[in-house]
Amino acid sequence: MKNKLLLVALLILTCVLSAQNIPQLSGQVLISVNVTGFVANPGTYQLTPLARIYDAVKVANDNNRSVTTLPTLTPQQTKEAERDSLYLNFQGLRSVKLTRGRETKTYDLLRFMRTGALDQNPLLKDGDLLWIPALGTSVTISGEVYMPGEYQFVEGDKLSDILELAQGFTLAADRNLVNIYRYRDNSPEFEVLRYDLRNQHAEDIVLRPYDRVNVISNAEHRRAWKITVEGDVKAPGEYYVGENTTLYDILILCGGPTSRGNLRNAIYANRAGAEQPDLEFERLMQLDLSDLTSMEYRYMLNRIRQFPGRYSVDVARVWESKGTEINPVVHDGDYLFIPQYLDMVEVSGQVVNPGLIPWVEGKNYEYYIALAGGYTNNKRWNGTRIISAASGNWVKPSKKLTLDPGDTIYVSEQDTYNTWDRFKDIMLIATQVITIFLGVRTLTH
5 MKNKLLLVAL
15 LILTCVLSAQ
25 NIPQLSGQVL
35 ISVNVTGFVA
45 NPGTYQLTPL
55 ARIYDAVKVA
65 NDNNRSVTTL
75 PTLTPQQTKE
85 AERDSLYLNF
95 QGLRSVKLTR
105 GRETKTYDLL
115 RFMRTGALDQ
125 NPLLKDGDLL
135 WIPALGTSVT
145 ISGEVYMPGE
155 YQFVEGDKLS
165 DILELAQGFT
175 LAADRNLVNI
185 YRYRDNSPEF
195 EVLRYDLRNQ
205 HAEDIVLRPY
215 DRVNVISNAE
225 HRRAWKITVE
235 GDVKAPGEYY
245 VGENTTLYDI
255 LILCGGPTSR
265 GNLRNAIYAN
275 RAGAEQPDLE
285 FERLMQLDLS
295 DLTSMEYRYM
305 LNRIRQFPGR
315 YSVDVARVWE
325 SKGTEINPVV
335 HDGDYLFIPQ
345 YLDMVEVSGQ
355 VVNPGLIPWV
365 EGKNYEYYIA
375 LAGGYTNNKR
385 WNGTRIISAA
395 SGNWVKPSKK
405 LTLDPGDTIY
415 VSEQDTYNTW
425 DRFKDIMLIA
435 TQVITIFLGV
445 RTLTH
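Here our numbering is used: the first residue of the sequence shown is 5, the next is one more, and so on.
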């Protein structure tokens, strides 16, 4: 009886161990696949029975990478290495040949990668032979498609095929006009073929090798024109505008100025105009100051002082008149800045106590100079100027000219010079004048 029980126990143990070993043995079953052609490492690879063409090509391209060197590359470096890879960019993945026994079939692996066409990526079997060619003829697609670039040309390709590989049109694409630049036979000259895909199907347009397809953008499609409002307004931010949106409309949308907002010194400008390069200014900046004419020098000063791209618009007048007197239409990229109201006038330069002085309506520059303690003994004669907060211009002061909040009074210092050098210059000029006088007198007598 004991022997029977022992025998049964051994049979059960044998069955359990066999059941545990079955998955391990089945998991070790591999197939041999030959990968040749334009790959980094052609050869024979051991793959699982569930492997497809894509898996074999990937292994043949990546097998040479050392595991120990991969962590030393940053993600950006890895991305650049893949972008510059000869094999990744110039493999003819649209004409991969699979030989099984005596039968050879061609598969478009790129179509599987871009569209998920599983019939172009079949399962592999033991003994299969894959041949990946190098990129031969190609077509190029650019413009408003999601994945522009150069694609391998396959005989019979239509425009719809390339559009499908490029993931189709973007939202900004203008389907009214698709241009195909086609080279004439054995000539560097090309012709431009224009197609309206609203009236003609892309499936009916047959491509040729080296065609260049360009998809035009539609600038009017869902355009997002906007203006940026910053500073002391109740609701600063970005506001979308239409073709007829006015400046007063924007002031209403942002809630108008706060109690501290100073519309009189507001800056309303166009950023596109501000970013446009001033070639003349850049040319003058390269010159030495001694080589500049008086007008060129003053032009440079004005360009530095004034806000580039600024509109000549009185924002305070627009708000106070509710847009009835002046109300310009805003443009895409416009910028409106409302500074904080500071009822002060700054006095700087050669005064006893330079600094900010409370603004008083109707007062001229002499009032603020007096409150600043008057001039120092180092001030330059006729060297006082008023810098307008609204325009940035330098204005010669007068008793009739009243100042606005935020204006600056600048008093320049005397030019420094060497007394002996100045004496020599005076004597030289005096000698020349006397010489000319004596010469003229001698000739006349």
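Every residue, glycine too, gets a C-beta built ideally from N, C-alpha and C. Quantities reported herein were computed from a predicted structural model and do not represent experimental measurements.
Given this structure, state the Cα-to-Cα distance separating residue i from residue j, to the nearest angstrom.
i	j	result
Arg-104	Asp-132	5 Å
Arg-106	Ile-57	18 Å
Phe-427	Ile-342	53 Å
Val-245	Gly-96	48 Å
Ser-392	Ile-433	40 Å
Arg-389	Leu-293	22 Å
Ser-298	Glu-286	17 Å
Ser-191	Leu-163	23 Å
Asp-253	Asn-331	9 Å
Gly-172	Thr-48	37 Å
Ala-2	Leu-346	The requested residue 2 is not part of the displayed model; the chain covers only 5 to 449.
Leu-2	Leu-175	Since the first and last residues shown for the chain are 5 and 449, residue 2 lies out of range.
Asp-59	Phe-194	40 Å
Thr-108	Ile-209	29 Å
Leu-255	Trp-323	7 Å
Ala-320	Arg-314	15 Å
Asn-397	Asp-318	15 Å
Tyr-111	Tyr-199	30 Å
Thr-446	Thr-435	16 Å
Asn-357	Val-437	45 Å
I'd like the list of long-range same chain contacts for residue i, defined as Cβ closer than 8 Å, with 5 residues on each side in sequence excluded.
i	result
Ser-142	Glu-154, Tyr-155, Gln-156, Phe-157, Pro-213 and Tyr-214
Tyr-371	Val-364
Arg-202	Arg-179 and Asn-180
Asp-429	none
Leu-407	Val-349, Trp-363, Lys-367, Asn-368, Tyr-369, Tyr-372, Ile-390 and Ile-413
Pro-409	Asn-266, Arg-268, Asn-269, Tyr-345, Leu-346, Asp-347, Met-348, Val-349, Trp-363 and Ala-393
Asp-161	Val-143, Val-210 and Leu-211
Short of 7 Å in beta carbon distance, which residues of its chain neighbour residue i, apart from the five on each side in sequence? Order them along the chain.
i	result
Gly-387	Val-415 and Ser-416
Pro-152	Ile-145, Ser-146 and Ala-170
Lys-62	none
Gln-50	Leu-34 and Ser-36
Thr-119	Glu-168
Asp-130	Ile-35 and Ser-36
Gln-124	Tyr-111, Asp-112, Leu-113, Arg-115 and Phe-116
Glu-329	Arg-321
Leu-257	Tyr-243
Return the chain-ordered list of same chain residues with a C-beta closer than 6 Å to the C-beta of residue i, the five sequence neighbours on each side being excluded.
i	result
Gly-443	none
Ala-229	At residue 229 the sequence reads Trp, which differs from the Ala that was named. If we look at Trp-229 and ignore the five residues flanking it on each side, its Cβ neighbours are Val-245 and Asp-336.
Thr-232	Glu-242 and Tyr-339
Please state whether DSSP places residue i in a helix, a strand or coil.
i	result
Val-63	helix
Tyr-150	coil
Arg-135	Note that residue 135 is Trp in the sequence shown, not Arg. Here Trp-135 sits in strand by DSSP.
Tyr-315	coil
Leu-51	strand
Phe-173	strand
Arg-142	Note on residue identity: the sequence assigns Ser, not Arg, to residue 142. Three-state DSSP puts Ser-142 in a strand.
Gln-124	helix
Ala-273	strand
Lys-367	coil
Gln-280	coil
Glu-159	coil
Gly-241	strand
Lys-428	helix
Glu-417	strand
Gln-436	helix
Gly-190	One point to set straight first is that residue 190 is Asn, not Gly, in the sequence displayed. Asn-190: coil per DSSP, three-state reduction.
Arg-56	strand
Arg-202	coil
Arg-179	strand
Asn-38	strand
Thr-250	strand
List the DSSP bridge partners of residue i.
i	result
Gly-235	Ile-342
Trp-385	According to DSSP, which records beta bridges pairwise, Trp-385 is partnered with nothing at all.
Ile-184	Leu-197 and Val-217
Pro-362	Met-348
Gly-265	Gln-344
Arg-104	Glu-107
Val-334	Answer is none; Val-334 lacks a bridge partner.
Thr-412	Glu-350 and Ile-391
Trp-398	Ile-391
Val-355	Tyr-379
Lys-230	Tyr-244
Evaluate contact between the region 173–192 and the region 208–217, counting only Cβ atoms and requiring at least three cross-stretch pairs below 8 Å.
yes
Within the chosen definition, does the region 90–102 reach the region 33–53 through at least 3 CB pairs nearer than 8 Å?
yes
Touching by the beta-carbon criterion (3+ pairs, under 8 Å), the region 258–265 and the region 222–241:
yes
Kindly confirm or deny that the region 331–346 and the region 272–286 touch, where touching means at least three C-beta pairs closer than 8 Å.
yes
Touching or not, the region 278–292 and the region 241–250, by the rule of three or more beta carbon pairs under 8 Å?
Three or more Cβ pairs closer than 8 Å define a contact, and the region 278–292 falls short of that threshold against the region 241–250.
Check whether the region 348–364 and the region 378–385 are in contact - that is, three or more C-beta pairs closer than 8 Å.
yes
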